[in-house]
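Notes follow the structure.
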Amino acid sequence: MPDIYLDNNATTKVDSAVVDVMIPYFTEQFGNPSSIHRFADGVAKAIKRARTQVQELIGAEHDSEIIFTSCGTESDSTAILSAIKAQPNRKEIITTAVEHPAILSLCENLEKEGYTIHRMPVDKCGRLNLEAYKNLLSDEVAIVSVMWANNETGTIFPVEQMAEMANAAGVMFHTDAVQAVGKIPMMLQDTKIDMLSISGHKLHAPKGIGVLYLRRGTRYRPLLRGGHQERGRRAGTENTASIVGLGKACELAIEHMEYENVQVKAMRDRLEQGVVASVPHCFITGDINNRLPNTTDIAFEYIEGEAILMLLNKAGIAASSGSACTSGSLEPSHVMRAMDIPYTAAHGTIRFSFSRYNTMSDVDEVLKVMPEIVAKLRKLSPYWDSVNNTPVANPEQAFQPTYA
Amino acid sequence: MWDYSDKVKDHFFNPKNAGAVVDANAIGEVGSISCGDALRLTLKVNDDTEVIEDAGFQTFGCGSAIASSSVLTEIIKGLTLDEALKVTNQDIASELDGLPPEKMHCSVMGREALQAAVANYRGEEWKDDHEEGALICKCFAIDAVMIEEMVWANKLRTVEDVTNFTKAGGGCAACHEDIEAILEKVLKERGETFDPLAAPVEKVEVVAEKKPLTNLQRIKKIEEVLNSFRPQLMADGGDVELVEVVDKTAYVNLTGACNGCQMSAMTIAGIQQRLMEVMGEFIKVVPASQMPKLVTIGEATHA
């Protein structure tokens with residue numbers, strides 16, 4: 470059975486070169502970077518080097534703008550909570566309806582505490598209306614937080630332009646860039662982005678390491694206070710091995726940036742074109758001409774995503790879905806709902822996300838099994854007419870079950 | 026991925042009785058496309074014997090929804106309609122060697138499709154009797170709607186109350202924040218404020234009876250308390266009925282899913298606790314199966 474991993478937006482395999490550079494920091498250089506003895510000799514230096522490697526990948530002006538955290542979620546929480554703590558008189562937050570739960574759940578919680586949350590809607594292709602955004606900006610707004618790229622569809626938001634607009638209105642701008650960093654080039658020193666979140670495990674570094682980029686001069690309040698680590702902006706003993714690993718992963722990401730945007734993109738394009746050509750009644754979601762190079766999200770109508778994933782898994786292929794059942798919730802993914810994808814399609818969305826470890830033969834394998842998997846499940850579906858092999862006429866009217 | 030049993034996987038990968046029965050004379054359609062689960066059950070029922078001769082399913086849904094549908098058709102084939110109606114969602118789940126708590130609703134959907142199909146055959150209208158909410162307590166599979174209803178019905182005020190009345194929050198306790206949010210909301214609608222340190226709720230009819238009760242009053246009171254437990258039990262496919270009261274012992278029958286359920290001891294303990302609080306006297310609750318055979322009503326009243 471093949472072993473094909475197409476779920477790289479969920480997490481990635483740690484690059485073996487990354488593992489190699491990490492090992493000495495578990496075994497030999499295990500000292501606390503703050504200590505003055507030979508077990509800690511090279512540790513502070515290694516962290517400094519990692520900091521510049523991250524700095525280079527995102528094009529930050531200073532290495533001191535890089536704050537190591539434990540994960541993307543911590544970076545997101547730190548950014549938003551810092552902004553509201555530093556500006557206690559500003560009681561509004563602007564974000565989008567399609568953010569990751571790391572932002573949305575936090576905002577929901579702040580809403581209970583009296584904050585006004587503006588969740589900007591998206592159109593059917595997942596795009597924002599910048600005119601409406603402009604009208605929301607005011608001196609009541611503590612922070613704007615908009616993801617650089619959407620994790621489900623890969624749709625890229627115009628965060629550089631939006632940061633300029635926020636800056637002109639005197640409003641702080643944060644972007645959750647965990648899906649974008651390492652996949653598309655960026656040069657933060659040329660932007661007005663104040664804060665940006667990175668998650669190590671999305672770019673072949675280990676889980677449990679993240680970064681908050683904090684533009685020099687941005688007003689800031691730490692989430693964790695304590696020791697002097699990260700210049701007092703994020704207390705807690707450094708996760709040295711993972712920091713070193715993330716540095717290496719950033720270096721590798723720079724090396725592979727072109728490969729990611731040419732070869733990886735070619736695999737993605739071939740997969741989605743092949744699927745759309747061979748499977749009837751399916752479509753690609755998101756802003757097709759403005760996406761991450763590695764992501765495609767395909768809605769298979771009249772069948773359910775978890776069932777598709779189980780059959781894919783049986784065929785040795787790993788992907789993910791926006792259906793309600795995969796998460797145990799009552800609604801399909803909030804991203805699909807925000808784009809107004811009909812329920813009969815939203816529950817059947819499958820995301821394939823590539824990395825530089827994939828090959829064209831992986832694509833061939835998916836194309837080989839996909840039509841059969843979809844056909845098998847449609848045979849079971851009350852929305853599908855098996856005799857004529859088409860959807861039943863007016864599916865949502867033809868089958869109207871009693872709500873249970 | 027969910028931790029599905031081998032039986033769930035087997036019924037998913039090799040579903041039995043998939044597709045519609047061609048000459049079906051009973052059809053049940055339940056589910057909700059917004060939740061991503063919908064099921065059409067078609068049956069061929071023998072008009073003379075009411076035996077289900079053939080059953081087929083068409084399901085839009087996840088692995089466990091398809092497996093639940095498949096196993097349901099296997100269970101009911103050959104049963105009479107009345108026998109089939111006794112199949113509970115717990116029966117479906119246990120035939121599959123269990124389902125994850127988030128997926129128990131798939132088995133509920135199976136039972137409801139069956140009820141709908143039987144109603145359709147008999148020319149009756151089937152009405153869904155419950156609404157499903159977001160799953161709050163994962164240990165005991167209790168959803169938000171159930172908790173809200175119980176908070177309203179019994180004027181609950183604290184997380185502890187909710188646990189006593191619904192079991193929700195009685196396991197790992199991770200859902201206590203969510204339960205507090207429900208309490209805050211309902212209490213606000215009731216014009217009260219949520220106080221996490223409020224005293225436990227005084228049960229049903231608050232005043233513990235001071236005067237000695239007549240036997241009839243006692244039995245009525247006991248039934249009242251049992252009734253307050255029934256919605257929750259029925260949602261789990263079970264029920265409770267009072268069989269006999271002898272002295273300080275109430276014999277009850279736990280039926281349906283409650284019968285033999287691991288939780289039945291806990292349920293009985295909960296009923297007993299509440300009875301004592303309401304009646305202001307010691308009362309022991311015992312399953313009717315343990316009732317001394319020789320006791321007759323006549324003897325009992327003279328005991």
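Chains as they are written, first to last, in this note's numbering: chain A, 470 to 873; chain B, 26 to 328. Cβ coordinates follow ideal geometry from the N, Cα and C atoms, glycine included.
Could you tell me whether the Cβ atoms of residue i and residue j are closer together than 8 Å?
i	j	result
T644(A)	I662(A)	yes
V250(B)	V303(B)	yes
L813(A)	Y852(A)	Note that residue 813(A) is Thr in the sequence shown, not Leu. Contact flag set, yes.
H36(B)	A92(B)	yes
I753(A)	E741(A)	yes
R702(A)	I536(A)	yes
Q630(A)	L761(A)	no
E202(B)	P221(B)	no
L300(B)	I244(B)	no
H670(A)	T538(A)	no
G53(B)	L66(B)	yes
L106(B)	E75(B)	yes
G714(A)	F769(A)	no
I553(A)	A486(A)	no
E834(A)	I786(A)	yes
D168(B)	I161(B)	yes
F307(B)	I772(A)	no
S802(A)	A815(A)	yes
Y689(A)	E534(A)	no
G595(A)	G755(A)	yes
Answer with yes or no whether the minimum CB distance from residue i to chain A is below 8 Å.
i	result
L68(B)	no
V55(B)	yes
Q115(B)	no
A43(B)	yes
F38(B)	yes
T84(B)	yes
E230(B)	Note that E230(B) has pLDDT 46, beneath the 50 cutoff, so the model's placement of it is unreliable and no number is given.
G88(B)	yes
S93(B)	no
I58(B)	yes
Which residue wins for smallest C-alpha separation from residue i, given the options the options?
i	options	result
E841(A)	V832(A), A807(A) and A784(A)	A784(A)
K192(B)	L208(B), F165(B) and V271(B)	F165(B)
S314(B)	Q298(B), I296(B), L124(B) and E269(B)	E269(B)
M616(A)	P570(A), S850(A) and H750(A)	P570(A)
N478(A)	T709(A), N763(A) and K593(A)	N763(A)
E47(B)	K69(B), N39(B), E54(B) and G61(B)	According to the sequence shown, residue 47(B) is Val rather than Glu. Comparing Cα-Cα distances from V47(B) to each of K69(B), N39(B), E54(B) and G61(B), the minimum goes to K69(B).
K163(B)	L104(B), C197(B) and E78(B)	C197(B)
E120(B)	P237(B), G44(B) and V33(B)	V33(B)
C60(B)	V170(B), P312(B), F219(B) and G158(B)	G158(B)
I172(B)	L208(B), Q140(B), D28(B) and Y146(B)	L208(B)
Could you give the first and the last residue of the continuous beta strand (DSSP E) run that contains residue i?
i	result
K69(B)	D62 to V70
Q498(A)	Note, Q498(A): premise wrong, no beta strand (DSSP E); not H, not E.
R898(A)	Chain A is shown only over 470 to 873; residue 898(A) falls outside these bounds and no answer can be derived.
L267(B)	G263 to V271
Q315(B)	No beta strand (DSSP E) holds Q315(B); DSSP gives it neither H nor E.
F626(A)	Here F626(A) belongs to no beta strand (DSSP E), and DSSP marks it neither H nor E.
V650(A)	No beta strand (DSSP E) contains V650(A), which DSSP labels as neither H nor E.
Report yes or no: is there a C-beta of chain B within less than 8 Å of the C-beta of residue i?
i	result
L841(A)	The question names Leu, yet the displayed sequence has Glu at residue 841(A). Taking Cβ atoms only, chain B never reaches closer than 8 Å to E841(A), which makes this a no.
A793(A)	yes
Y602(A)	no
A873(A)	Residue confidence for A873(A) is low, a pLDDT of 44 falling below 50, so the modelled location carries little weight; the figure read from the coordinates is stated next. Cβ-Cβ to chain B under 8 Å: yes for A873(A).
A735(A)	no
T754(A)	no
A635(A)	no
So the alpha helix (DSSP H) residue i belongs to, where does it begin and stop?
i	result
K848(A)	M829 to L849
E205(B)	H201 to E214
F38(B)	D31 to F38
G714(A)	T709 to Y728
A776(A)	G774 to K783
D766(A)	Looking at the DSSP string, D766(A) is not in any alpha helix (DSSP H); the run it does join, the beta strand (DSSP E), is T764 to F769.
Is there at least one Cβ from chain E nearer than 8 Å to residue i's Cβ?
i	result
A63(B)	Absent from the structure is chain E; the protein chains it does hold are A and B.
> How about the stretch 716–735 of chain A and the stretch 820–830 of chain A: do they share at least three Cβ pairs that are nearer than 8 Å?
Replying inline: Yes: the two stretches touch, three or more of their Cβ pairs being nearer than 8 Å.
> Can you find at least 3 beta carbon pairs, one from the stretch 632–642 of chain A and one from the stretch 604–614 of chain A, that sit closer than 8 Å?
Replying inline: Enough Cβ pairs lie closer than 8 Å, so yes.
> Contact between the stretch 556–573 of chain A and the stretch 692–709 of chain A: three or more CB pairs below 8 Å?
Replying inline: No, the stretch 556–573 of chain A is not in contact with the stretch 692–709 of chain A.
> Per the contact definition of three or more C-beta pairs closer than 8 Å, is the stretch 266–276 of chain B in contact with the stretch 208–218 of chain B?
Replying inline: By the criterion of at least three beta-carbon pairs nearer than 8 Å, the stretch 208–218 of chain B is not in contact with the stretch 266–276 of chain B.
> Would you say the stretch 518–527 of chain A touches the stretch 538–557 of chain A, given that touching needs at least three Cβ pairs under 8 Å?
Replying inline: Of all C-beta pairs linking the stretch 518–527 of chain A to the stretch 538–557 of chain A, fewer than three are shorter than 8 Å, placing the two stretches out of contact.
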